Amino acid sequence: MTTTIIGTGLIGGSLALTLKAKGISQHIIGVDTNPLHLQRAIERSIIDEIAPLDDALPVSDIVILAIPVDRATVLLPALLDKVTHQVILDVGSTKADICAAVHTHHRRSRYVASHPMWGTEFSGPDAAIEDPFQHKTVVICNRENSASDALLIAEDIYMRMNMRIIYMDAIAHDIHAAYVSHISHITSFALANTVLEKEREEDAIFDLASGGFESTVRLAKSNPAMWIPIFQQNRDNVLDVLNEHISQLGKFKSCIEKENWEYLAELIENANKIKKILK
-17 MTTTIIGTGL IGGSLALTLK AKGISQHIIG VDTNPLHLQR AIERSIIDEI APLDDALPVS
43 DIVILAIPVD RATVLLPALL DKVTHQVILD VGSTKADICA AVHTHHRRSR YVASHPMWGT
103 EFSGPDAAIE DPFQHKTVVI CNRENSASDA LLIAEDIYMR MNMRIIYMDA IAHDIHAAYV
163 SHISHITSFA LANTVLEKER EEDAIFDLAS GGFESTVRLA KSNPAMWIPI FQQNRDNVLD
223 VLNEHISQLG KFKSCIEKEN WEYLAELIEN ANKIKKILK
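Just so you know, we're using this note's numbering here: the sequence shown kicks off at -17 and counts up by one.
In structure tokens, the structure reads:
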């Protein structure tokens, strides 16, 4: 099977390495607007060939869109204009806008909307690693709009990568993603900015930072070129969860201001319930 990966960064590169390692794809073609990414992907044997999209598409069985969600939403309709037998997957963190963009397209059935729930704070082909998707969850959205053969191929790929597949409506996906992923990044960005504003001594940050701070602020290293489009496309859901988060922060602030340690203990004990979900 020949696979074209559009976007040879962290996710696209890791998918390419995994597809080859698992024997799912025998030949990977890389397409990217960044020639340095393509060159590095070739040097690392992430991809086997560099080609323009118009040359890669006719010889491909699978096309994977692994680019920022705003660009993927624009490119997908143009790709569907040209496909025949190919299956197109995207791996973006938002789903409602991209599904809406092709909802009435006459070749919509060749597209499977998916979101592998994995990533790191790093970007580019040097961040790509082999087989990070093991036992992670992948969400397939609006499966009823995909052709049965296209859906089976996508499911087979993810099962052979040992991923847990769940199915969801695109709108519901974006609501849940705002709560479990997007708010985490905003919190991390805000915490990093707070510390950088209040703590002018960089050496003190380095010397005193504990594992807890480091893990909480890790996501602040993430690429804005990826995350700004996600926040744009999922604006309403992100604002909803952000308002709730600000409300919760206000409760902690009020407890400390008023020295209401009993209520503060209740807030922390309530937060401890997350252990039943995240074991």
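Here a beta-carbon is modelled for each residue, glycine too, at the ideal position from N, C-alpha and C.
All of these numbers come straight from a predicted model, not from anything done at the bench.
The closest CA to that of Val120, considering only Leu71, Ser128 and Leu231, is found on Leu71. If you ignore the 5 residues before and after Ile135, its C-beta comes within less than 6 angstroms of the C-beta of Val69, all in its own chain and listed in chain order.
For Thr15, the closest alpha carbon among the candidates Ile49, Ile122, Gly5 and Leu(-3) is that of Ile49.
DSSP lists Ile10 and Ile44 as the beta-bridge partner residues of Thr(-15).
Three or more beta-carbon pairs separated by less than 8 angstroms are not found between the stretch 80 to 87 and the stretch 156 to 165, which leaves the two stretches without contact. Within a 10 Å sphere around the beta-carbon of Leu61 sit 16 or more other beta-carbons, which makes this residue buried.
In this structure, the straight-line span from the alpha carbon of Ser91 to that of Ser105 is close to 31 angstroms. Here Ser166 has Leu201 as same chain residues with Cβ atoms under 8 angstroms from its own Cβ, once five neighbours each way along the sequence are excluded. Closest by C-alpha distance to Pro40, out of Thr(-15), Ala23 and Arg53, is Thr(-15).
Taking 7 angstroms as the cut-off, the Cβ atoms of Met(-17) and Asp43 count as close.
Exclusion of the five residues before and after Thr55 leaves Asp79, Ile80 and Ala83 as the residues of its chain whose Cβ lies within less than 7 angstroms of its Cβ. The beta-carbon distance between Asp52 and Pro211, rounded to whole angstroms, is 4 angstroms. This is short enough to meet the 8 angstroms contact definition. It is roughly 31 angstroms from the alpha-carbon of Gly232 to the alpha-carbon of Lys77.
Residue environment: Asn216 is assigned as buried (16 or more neighbouring CB atoms within 10 Å of its CB, all protein chains considered).
Secondary structure at Thr119: strand, using DSSP grouped into helix, strand and coil. Residue state for Val69 is assigned as strand, using DSSP reduced to three classes.
Positions of the beta strand (DSSP E) runs, each at least 3 residues long and wholly inside the stretch 120 to 168, are given as 146 to 150 in order along the chain. The beta-carbon separation of Glu103 and Lys203, rounded to 4 angstroms, stays under the 8 angstroms limit for a contact.
Taking the C-beta atoms as reference points, Ile28 is found nearer than 7 angstroms to Ala(-2). Rounded to whole angstroms, Cys123 and Ile250 show a C-alpha spacing of 35 angstroms. Boundaries of the beta strand (DSSP E) harbouring Pro98: Tyr93 to Pro98, taken from the DSSP string.
Excluding five sequence positions before and after Trp209, the CB atoms of its chain that fall closer than 7 angstroms to its own CB belong to His167, given in chain order. With respect to the 7 angstroms criterion, Arg125 and Tyr149 are classified as neighbours on the basis of their beta carbons.
Nearest Cα to Leu20 within the set Ile(-13), Asp37 and Ser7: Ile(-13). Here Glu31 carries a strand assignment [DSSP, helix/strand/coil].
Judged by DSSP in its simplified three-state form, Ile49 adopts coil rather than helix or strand. Under the three-state reduction of DSSP, Leu224 is assigned to helix. Selection Ala110, Ala109, Ser75 and Val65 evaluated against His88 yields Val65 as nearest (Cα-Cα). Ranked by Cα distance from His67, the first of Leu133, Lys118, Ile111 and Asp30 is Leu133.
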